[in-house]
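Number of protein chains: 2
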Amino acid sequence: MRGYRTLHRMLLLGLALGAGARAATAAELPPKPSVADIVKASQPGDWRPLDPDNTLYMESALGRVVIELAPRFAPNHIRNIKALVRAHYFDGLAIVRVQDNWVVQWGDPNEDNAKARKVEGAQKTLKAEFTVAAKDMPFTRLPDRDGYAPESGFSNGFPAGRDPKTGETWLAHCYGMVGVGRDSDADSGGGTSLYATIGPARHLDRNITVVGRVVSGMPQLAALPRGPAPMGFYDKPGMNVPITAIKVAADVPADGRSRFEVMRTDSAAFQAVLEAQRNRGGPWTKVAMNHVDLCAAPIPVREQK
Amino acid sequence: MRGYRTLHRMLLLGLALGAGARAATAAELPPKPSVADIVKASQPGDWRPLDPDNTLYMESALGRVVIELAPRFAPNHIRNIKALVRAHYFDGLAIVRVQDNWVVQWGDPNEDNAKARKVEGAQKTLKAEFTVAAKDMPFTRLPDRDGYAPESGFSNGFPAGRDPKTGETWLAHCYGMVGVGRDSDADSGGGTSLYATIGPARHLDRNITVVGRVVSGMPQLAALPRGPAPMGFYDKPGMNVPITAIKVAADVPADGRSRFEVMRTDSAAFQAVLEAQRNRGGPWTKVAMNHVDLCAAPIPVREQK
Chain U
1 MRGYRTLHRM
11 LLLGLALGAG
21 ARAATAAELP
31 PKPSVADIVK
41 ASQPGDWRPL
51 DPDNTLYMES
61 ALGRVVIELA
71 PRFAPNHIRN
81 IKALVRAHYF
91 DGLAIVRVQD
101 NWVVQWGDPN
111 EDNAKARKVE
121 GAQKTLKAEF
131 TVAAKDMPFT
141 RLPDRDGYAP
151 ESGFSNGFPA
161 GRDPKTGETW
171 LAHCYGMVGV
181 GRDSDADSGG
191 GTSLYATIGP
201 ARHLDRNITV
211 VGRVVSGMPQ
221 LAALPRGPAP
231 MGFYDKPGMN
241 VPITAIKVAA
251 DVPADGRSRF
261 EVMRTDSAAF
271 QAVLEAQRNR
281 GGPWTKVAMN
291 HVDLCAAPIP
301 VREQK
Chain R
1 MRGYRTLHRM
11 LLLGLALGAG
21 ARAATAAELP
31 PKPSVADIVK
41 ASQPGDWRPL
51 DPDNTLYMES
61 ALGRVVIELA
71 PRFAPNHIRN
81 IKALVRAHYF
91 DGLAIVRVQD
101 NWVVQWGDPN
111 EDNAKARKVE
121 GAQKTLKAEF
131 TVAAKDMPFT
141 RLPDRDGYAP
151 ESGFSNGFPA
161 GRDPKTGETW
171 LAHCYGMVGV
181 GRDSDADSGG
191 GTSLYATIGP
201 ARHLDRNITV
211 VGRVVSGMPQ
221 LAALPRGPAP
231 MGFYDKPGMN
241 VPITAIKVAA
251 DVPADGRSRF
261 EVMRTDSAAF
271 QAVLEAQRNR
281 GGPWTKVAMN
291 HVDLCAAPIP
301 VREQK
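Top line first, the protein sequences correspond to chains U and R. Residues in the first sequence are numbered consecutively from 1, following my numbering. Residues in the second sequence are numbered consecutively from 1, following my numbering.
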């Protein structure tokens, strides 16, 4: 596959056509380290492991999807979801909805499922946790303009918005963020139905309880067939993707756990990652943006083998 | 499927959990027409049919993907692509790359393919068409802030950026936009390798020649398996999705053409669509954003049966 290897030599974030190198006719931007370069040069202290008590594994025919929970943003929902998980609530339920450029949703395919009502120690609905007090919450602010929040940035590894006037902060609906499905009532969600975003969804910010993000498994979730029914629901039972089990990582024997690390968003390495995306270097890039959208700056994740 | 039908009753753009209606505890926003409501109430004059001379059909096992070309933004590349299409250049080539949250790419899987060099009337590379003069180009400006362009909006059905200082306008890399793969040289693309974006890609604006957008078929393209090789390339020939043919719609007999219409972006109906997304109404939405990102405001498309 000579063609592929040549393409591999190109900038990892560029769109290579692969006709070999030649002199650029446009003005050249100076080369700069790429995100891959920064990850490669990073130090162990730039990373943190996932906390097994706040990591979920969703097991299905897709393999394992790893979700990092954000208990400081939604403590009650996360307590409830862990209770549901430990009571095997999700085991045997399914991925029931994939709407293109919008969401993948899983959980209870039937609103009348009696299972949800009889889990010991868990509730079917909870008071909304759309925002939390910004005081005492870490926040690495992105300098760039954001239309959905007065301030945007990163809080301990999650994209977030912040409003200095109200003193609130909240998780932002970037790619792979996991939230709690609800009805029109703000307090009608509890965690029995969860979704991950696969398209622009920032207008959901402060409108829904967000509990974390998928740190591994988005390529599998996002490649699922879109559901043919309205809103992307799978309208025949055979279309659902059965969930073998959802588990709290801490309940899995150590040798069965995934070993992902997330780049610390308060590290100098992450500042370099942001800058590498705000202003990309040459030779591929001709115009540097001096800007990156919050959701166009993914937080690096790596797996320790 | 009682559960599904109940969900269907919910706001089409909301995330329904489906436990039936109940009084919201938070303050209610007044109900407003949704995008679906506006489309339903629109008049025939709010829509325009696709121009068969500037519409491509990509036929494969995925079905037909319909691409609307934007000849005012990239006249030379589009002339070249149509010459390649009419010489059957793409027929028998393949979708060769799907990188999660980034791009689907098709065309020549082998940079050394002799086919590209021997198409009569077409060139392998062309001078870049990254921007065009804004003078005389229609532009429906979005009032909201945009980090990637001094002004953003819509030009005859395509999302676009504009810079009043330089007098330039350009197509914006929103979901489903189709561009021309190139090497590091700005002038190294010609249309033998094309891509559609499936993730945030605005930093490509003004860095690559954009030729149009997919108006039908994104759910199929975006659900393709992600390629296992670096940059999402399919690294085994069996993974490629063969392209049966790409055709110019005008070359297809009238009864074999798709009949899509795009909402006119200079219409009052489209202004209402934008406003419906800038400030969503209740009862599902609790906080209206007074903002929509350029790429979070899709342009309505419908098929005339």
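Glycine included, C-beta positions come from ideal geometry on N, C-alpha and C.
> Are there 16 or more other CB atoms within 10 angstroms of the CB of T169/R, so buried, or fewer, so exposed?
Replying inline: The sequence position of residue 169/R within the second sequence is 169, counting from 1. So T169/R ends up on the buried side.
>> Assess contact between the region 287–298 of chain R and the region 83–90 of chain R, defined as three or more Cβ pairs (one per stretch) separated by less than 8 Å. Is contact present?
In response: no
> Which runs of the alpha helix (DSSP H), 4 residues or longer, sit entirely within the region 258–299 of chain R?
Replying inline: 268–278
> Under the three-state reduction of DSSP, which class applies to R202/R: helix, strand or coil?
Replying inline: The residue you call residue 202/R lines up with position 202 of the second sequence. Of the three classes helix, strand and coil, the one that applies to R202/R here is helix, per DSSP.
> Between the region 168–191 of chain R and chain U, which residues of the former have CB atoms less than 7 Å from a CB of the latter, in chain order?
Replying inline: Y175, G181, R182, D183, S184, D185, A186, D187, S188 and G189
>> Just to make sure I have the definition right: I need the residues of chain U whose C-beta is within less than 8 Å of the C-beta of K165/R. Which are they?
In response: By one-based count along the second sequence, residue 165/R stands at place 165. The contacting residues do not exist; K165/R stays about 14 Å from chain U at best.
> Which of the residues in the region 76–100 of chain U, read from start to end, lie with their CB under 7 Å from any CB of chain R?
Replying inline: D100
>> Can you pull the chain U neighbours of A223/R, defined as C-beta to C-beta under 7 Å?
In response: Within the second sequence, the letter at position 223 stands for residue 223/R. A223, L224, P225 and R226, listed in chain order.
> By how many angstroms is the C-alpha of D53/U removed from the C-alpha of K127/R?
Replying inline: By 1-based counting over the second sequence, the position of residue 127/R is 127. By 1-based counting over the first sequence, the position of residue 53/U is 53. Roughly 55 Å between the two C-alpha positions.
>> Please list, in chain order, the chain U residues whose beta carbon lies closer than 7 Å to that of P283/R.
In response: As a position in the second sequence, residue 283/R is number 283, starting the count at 1. S184, listed in chain order.
> Which ranges would you report for the beta strand (DSSP E) in the region 62–146 of chain R if only whole runs of at least 3 residues count?
Replying inline: 63–69, 94–99 and 103–107
> Under the rule that 16 or more other beta-carbon atoms within 10 Å means buried, what is G311/U, buried or exposed?
Replying inline: Absent from the structure is residue 311/U, since the part of chain U shown begins at 1 and ends at 305.
> Whose C-beta lies closer than 6 Å to the C-beta of K82/U among residues of the same chain, with five residues either side of it excluded?
Replying inline: Your numbering for residue 82/U matches position 82 in the first sequence. Here the set comprises V248.
> L171/U by DSSP, collapsed to three states: which one?
Replying inline: Locating residue 171/U in the first sequence gives position 171, counting from the first residue. DSSP places L171/U in strand when its eight states are reduced to three.
> How do the region 66–82 of chain R and the region 206–216 of chain R stand: do at least 3 beta-carbon pairs fall below 8 Å, yes or no?
Replying inline: yes
> Exposed or buried, which one is G92/U when buried takes at least 16 other CB atoms within 10 Å?
Replying inline: Your numbering for residue 92/U matches position 92 in the first sequence. Classification of G92/U: exposed, given that the 10 Å Cβ count is below 16.
> Considering L29/U, what are the terminal residues of the beta strand (DSSP E) in which it resides?
Replying inline: Sequence index remark: in the first sequence, residue 29/U carries index 29 (1-based). L29/U -> no beta strand (DSSP E), and no H or E assigned at all.
>> Quick check: what's the CA-CA separation for D251/R versus M263/R?
In response: Locating residue 251/R in the second sequence gives position 251, where the first residue counts as 1. Locating residue 263/R in the second sequence gives position 263, where the first residue counts as 1. When rounded, the distance between both Cα atoms is 24 Å.
>> Measuring only the C-alpha atoms, how far is G153/R from T140/R?
In response: Within the second sequence, residue 153/R is the residue found at index 153, counting from 1. Within the second sequence, residue 140/R is the residue found at index 140, counting from 1. Rounded to whole angstroms, G153/R to T140/R spans 5 Å at the Cα level.
>> Between the alpha carbons of N156/U and T265/U, how many angstroms are there, rounded?
In response: Counting from 1 along the first sequence, the entry for residue 156/U is found at position 156. Counting from 1 along the first sequence, the entry for residue 265/U is found at position 265. Whole-angstrom Cα-Cα distance: 6 Å.
> If we call anything under 8 Å between Cβ atoms a contact, is A296/U one with H203/R?
Replying inline: In the first sequence, the residue the question calls residue 296/U occupies position 296. In the second sequence, the residue the question calls residue 203/R occupies position 203. Yes, these two residues count as a Cβ contact at 8 Å.
> Which chain U residues are close to V287/R, counting only those with a beta carbon under 7 Å from its beta carbon?
Replying inline: Start at 1 with the first residue of the second sequence, and residue 287/R comes out as number 287. Within chain U, the residues near V287/R are R206 and N207.
>> Whether or not the region 177–190 of chain U and the region 36–54 of chain U are in contact is what I'm after, with contact meaning three or more pairs of Cβ atoms, one per stretch, closer than 8 Å; do they touch?
In response: no
>> Is there a Cβ of chain U sitting closer than 8 Å to that of M239/R, yes or no?
In response: The count along the second sequence starts at 1 and reaches residue 239/R at position 239. Taking Cβ atoms only, chain U never reaches closer than 8 Å to M239/R, which makes this a no.
>> Quick check on the DSSP output: the beta strand (DSSP E) that includes I246/R runs from which residue to which?
In response: As a position in the second sequence, residue 246/R is number 246, starting the count at 1. That run of the beta strand (DSSP E) goes V241 to V248.
> Is the distance from the Cβ of S267/U to the Cβ of V66/U below 8 Å?
Replying inline: Numbered from 1 along the first sequence, position 267 holds the residue referred to as residue 267/U. Numbered from 1 along the first sequence, position 66 holds the residue referred to as residue 66/U. Going by C-beta atoms, S267/U is not nearer than 8 Å to V66/U.
> Along the region 131–152 of chain R, what residues have a CB closer than 7 Å to any CB found in chain B?
Replying inline: The displayed structure is made up of protein chains U and R, and chain B is not among them.
> Interface residues of chain R around A61/U at Cβ under 7 Å?
Replying inline: In the first sequence, counting from the first residue as 1, residue 61/U sits at position 61. Ordered by position in chain R, no residue passes the 7 Å Cβ test against A61/U, which lies about 13 Å from the chain.
>> What would DSSP say about G153/R, mapped onto helix, strand or coil?
In response: Here residue 153/R refers to the residue found at position 153 when the second sequence is read from its first residue. Strand at G153/R.
> Should G161/R be flagged as near chain U, meaning a C-beta pair shorter than 8 Å?
Replying inline: Against the second sequence, residue 161/R aligns to sequence position 161. Not an interface residue.
> Hey, out of A172/U, D183/U and G161/U, whose CA is closest to A201/U's CA?
Replying inline: One-based indexing of the first sequence puts residue 201/U at position 201. Closest option to A201/U, Cα to Cα, is A172/U.
> For D144/U, is the classification buried or exposed, using 16 other Cβ atoms within 10 angstroms of its Cβ as the cut-off for buried?
Replying inline: Here residue 144/U refers to the residue found at position 144 when the first sequence is read from its first residue. That one is buried.
>> What would DSSP say about P159/U, mapped onto helix, strand or coil?
In response: For the purposes of this step, residue 159/U is taken as the residue at position 159 of the first sequence. P159/U: strand per DSSP, three-state reduction.
> Apart from the five residues just before and just after I95/R, which ones in its own chain have a Cβ nearer than 6 Å to its Cβ?
Replying inline: Position 95 of the second sequence, counted from the first residue, corresponds to residue 95/R. These residues qualify, in order along the chain: W106 and V241.
>> Just to confirm, is the Cβ distance from V301/U to F270/U under 8 Å?
In response: Along the first sequence, one-based indexing puts residue 301/U at 301. Along the first sequence, one-based indexing puts residue 270/U at 270. No, the pair does not count as a contact, with Cβ atoms beyond the cut-off.
> For Q123/U, which residues from the same chain have a beta carbon less than 8 Å from its beta carbon, with the 5 sequence-adjacent residues on both sides left out?
Replying inline: Taking the first sequence and counting its residues from 1, the one referred to as residue 123/U is at position 123. Here the set comprises N80 and G190.
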